[in-house]
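A.B. asks: Please see the structure below; I have some questions.
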Amino acid sequence: MRVVVSVVVTAALLVLTGCASSVSPAAPPSEVALPDTAAGRMAGWVLEVMNADADSTVQQWEGRMHPDFRAEVSADEVTELINTRIRPARPLVATAYRGAEREAVITVEGRRGEPFDMSVVVDAEDRITGLLLAPAAPPRESAGTVDEVAERLQTLPGEVRALVLEDGRPLIEHEPDTSAPLGSVFKLYVLGAVADAVAAGRLTWEEALTVTDDVRSLPSGELQDAPPGTTVTVAEAARKMIAISDNTATDLLIGAVGRDAVEDAVAAMGHHDPAALRPFPTTREFFALLWGGHAELVAAWAGGDEQARRDVLAELADRPFRVDVADADDTPRWGQGLEWFATARDVAHAHEALAERATADSNVAAVLTENPGLPLDAGTWTGIAFKGGSSPGVLAGSWRAQHTDGRVLTVVVLASDPDSPVSAETQSELFGLVTDLFALRG
1321 MRVVVSVVVT
1331 AALLVLTGCA
1341 SSVSPAAPPS
1351 EVALPDTAAG
1361 RMAGWVLEVM
1371 NADADSTVQQ
1381 WEGRMHPDFR
1391 AEVSADEVTE
1401 LINTRIRPAR
1411 PLVATAYRGA
1421 EREAVITVEG
1431 RRGEPFDMSV
1441 VVDAEDRITG
1451 LLLAPAAPPR
1461 ESAGTVDEVA
1471 ERLQTLPGEV
1481 RALVLEDGRP
1491 LIEHEPDTSA
1501 PLGSVFKLYV
1511 LGAVADAVAA
1521 GRLTWEEALT
1531 VTDDVRSLPS
1541 GELQDAPPGT
1551 TVTVAEAARK
1561 MIAISDNTAT
1571 DLLIGAVGRD
1581 AVEDAVAAMG
1591 HHDPAALRPF
1601 PTTREFFALL
1611 WGGHAELVAA
1621 WAGGDEQARR
1631 DVLAELADRP
1641 FRVDVADADD
1651 TPRWGQGLEW
1661 FATARDVAHA
1671 HEALAERATA
1681 DSNVAAVLTE
1691 NPGLPLDAGT
1701 WTGIAFKGGS
1711 SPGVLAGSWR
1721 AQHTDGRVLT
1731 VVVLASDPDS
1741 PVSAETQSEL
1751 FGLVTDLFAL
1761 RG
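According to the working numbering, the sequence shown is numbered sequentially starting from 1321.
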């Protein structure tokens, strides 16, 4: 449910710093193709600007940068950085790429200097909302065995709960029955409630949902920027909720089926303690508590039972929603109960429940498998269902995929830290280990 987007350009140690005399190696760097995603296309544009014969211009960058970005870092500063610190190393090529639809990290190498990582974040209107240039992270060493994956998961900072099942047989278990914050993985339960409502005839995939100001949430996603009156079908909202973790789409769906239906789905999908998710807050309610300045309501939520928490949500509904992306910070508050909670085994059960629903309804399957989360081998793994999530101090990932030989691999990793945000290094290692695991079992 990511909200805070880095709007930073770092020039502390980039391509030419301290290495004006360095030259390219004998063999040119191996270039990788950039995917046809919003982030991939933007990365391609940035590289094109870096490699052009003429210096980039302020006008070029202004046309690509979100106003919030320009409020933090001016187009003049970006232009100056690119022209004086980066372009002299051209030709520059992308040698590694990892990312999702609107966020990516691209390792770039030039004819001189050291490689650097370029992190790009793009909004729904294809404007840059985050650009970070920093020394390239050292290449990580892949795990050679499943046991090594398990050992390295346990050494990640903070608290880690992990469960890996192959045809239901445990390959890795690390505190799989200890509750942990989920981030946007909670959206699996919303999808289950939608699928159940469609199966019962209370809803259709073609039904239109309308974006209004009183349902508008914060990023991640696209619909938070849609004009009032914009309509999407239930199927479109579900796709956005899972594939790009759209928070406004999520709240539209919760409104369509009703909070009680989502709470029923939590129980039906195998959560070990459904009461832990009652009441089931929307993302808008979550953000209002997290950053809306309602200290007395946060205290009531943290120390309250189910009815007390329902009272908190009722009170929130009567107050204006005055939270913006600028209000967001990265201070973990899930220790106050401001999150959705489940165990790794609960999430595995949720994936199995959705797999059953997908067998009966191809729309569920299409929603679950649009974004695999990782560049897994599509020739080996089919029907890759994925949902990840993050919030301050929380990083989670969950997959269910079928091998071409029929085996089903389910992977759930829930990482959390009550004191500090999850670092980029932890994120890279966590998702790298999951990638190693699929390769080992493939």
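Just so you know, even glycine gets a beta-carbon here, dropped at the ideal spot from N, CA and C.
G1549 and T1568 look like a contact to me (Cβ under 8 Å); what is the Cβ gap, rounded to whole Å?
C.D. replies: Counted from its first residue, the sequence shown places residue 1549 at position 229. Counted from its first residue, the sequence shown places residue 1568 at position 248. With a Cβ gap of about 14 Å, G1549 and T1568 do not count as contacting.
A.B. asks: Under a Cβ-count criterion, where at least 16 other Cβ atoms within 10 Å of its own Cβ denotes burial, should P1640 be classed as buried or exposed?
C.D. replies: Position 320 of the sequence shown holds residue 1640. Per the 10 Å Cβ criterion, exposed.
A.B. asks: Output the distance between the C-alpha atoms of P1594 and A1634, rounded to the nearest integer angstrom.
C.D. replies: Against the sequence shown, residue 1594 aligns to sequence position 274. Against the sequence shown, residue 1634 aligns to sequence position 314. The straight-line gap from Cα to Cα measures roughly 21 Å.
A.B. asks: With a threshold of 8 Å on Cβ separation, who are the neighbours of I1448 within its own chain once the five nearest residues in sequence on each side are excluded?
C.D. replies: Stepping through the sequence shown from its first residue, residue 1448 is reached at position 128. For I1448, where only same-chain residues beyond five positions count, the Cβ hits under 8 Å are M1362, R1384, M1385, H1386, F1389, V1440, V1441, V1442.
A.B. asks: I'd like the span of the beta strand (DSSP E) that includes H1723, first residue to last.
C.D. replies: Counting from one through the sequence shown, the residue named residue 1723 turns up at place 403. It spans 1714–1723 - the beta strand (DSSP E) in which H1723 sits, taken as one unbroken run.
A.B. asks: Output the distance between the C-alpha atoms of P1345 and G1419, rounded to the nearest integer angstrom.
C.D. replies: On the sequence shown, residue 1345 is found 25 positions in, with the first residue counted as 1. On the sequence shown, residue 1419 is found 99 positions in, with the first residue counted as 1. Bear in mind that a pLDDT of 41 at P1345, under 50, signals an unreliable position, so the model cannot answer this.
A.B. asks: Relative to the C-alpha of A1648, which candidate in A1664, R1604, A1637 has its C-alpha closest?
C.D. replies: The residue given as residue 1648 occupies position 328 in the sequence shown. Per the Cα distances, R1604.
A.B. asks: Just the Cα atoms here: how many angstroms apart are S1748 and V1618?
C.D. replies: Locating residue 1748 in the sequence shown gives position 428, counting from the first residue. Locating residue 1618 in the sequence shown gives position 298, counting from the first residue. When rounded, the separation of the alpha-carbon atoms in S1748 and V1618 is 32 Å.
A.B. asks: Which of the three DSSP states is assigned to M1589 in this structure?
C.D. replies: By 1-based counting over the sequence shown, the position of residue 1589 is 269. Collapsing the DSSP output to three states places M1589 in coil.
A.B. asks: Spell out the partners DSSP gives D1571 in its beta bridges.
C.D. replies: Numbered from 1 along the sequence shown, position 251 holds the residue referred to as residue 1571. Per DSSP, none; premise fails for D1571.
A.B. asks: Taking 7 Å as the limit between beta carbons, can you name the residues of its chain near S1376, skipping five residues before and five after?
C.D. replies: For the purposes of this step, residue 1376 is taken as the residue at position 56 of the sequence shown. V1369, T1399, I1402, N1403, listed in sequence order.
A.B. asks: Would you mind working out which of L1452, E1495, A1456, L1451 sits nearest E1764, comparing C-alpha positions?
C.D. replies: Not covered by the structure: residue 1764. The range shown for the chain is 1321 to 1762.
A.B. asks: Quick one: grab the DSSP three-state call for A1405.
C.D. replies: On the sequence shown, position 85 is the one that residue 1405 refers to. Checking the sequence, you will find Arg at residue 1405 rather than Ala. Helix.
A.B. asks: Who are the Cβ neighbours of A1763 in its own chain at under 8 Å, not counting the five residues just before and after it?
C.D. replies: Residue 1763 cannot be examined here, being either before or after the span of the chain that is shown, 1321 to 1762.
A.B. asks: DSSP has G1708 in a bridge; who is on the other side?
C.D. replies: As a first step, residue 1708 is located in the sequence shown; it is residue number 388 there, counting from the start. Under DSSP, G1708 takes part in a beta bridge, and its partners are G1717.
A.B. asks: Smallest Cα separation from L1658: which of A1372, A1500, E1382, P1458?
C.D. replies: If you number the sequence shown from 1, residue 1658 lands on position 338. Of A1372, A1500, E1382, P1458, the smallest CA-CA separation from L1658 is found for A1500.
A.B. asks: Put W1381 into one of helix, strand or coil per three-state DSSP.
C.D. replies: Residue 1381 sits at position 61 when you count from the first residue of the sequence shown. It is helical.
A.B. asks: Just checking my contact of V1505 with S1718 at CB under 8 Å: how many whole Å lie between their CB atoms?
C.D. replies: Working through the sequence shown from its first residue, we reach residue 1505 at position 185. Working through the sequence shown from its first residue, we reach residue 1718 at position 398. The pair is a contact, with the Cβ atoms about 6 Å apart (cut-off 8 Å).
A.B. asks: Check V1413 in the structure and name its three-state DSSP category.
C.D. replies: As a first step, residue 1413 must be located in the sequence shown, where it is residue number 93. Here V1413 sits in strand by DSSP.
A.B. asks: Only counting the same chain, and skipping five residues up and downstream in sequence, which positions put a Cβ closer than 8 Å to that of L1750?
C.D. replies: As a working note, residue 1750 is residue 430 in the sequence shown. Taken in chain order, the residues that qualify are L1473, L1476, L1715, G1717, V1733, A1735.
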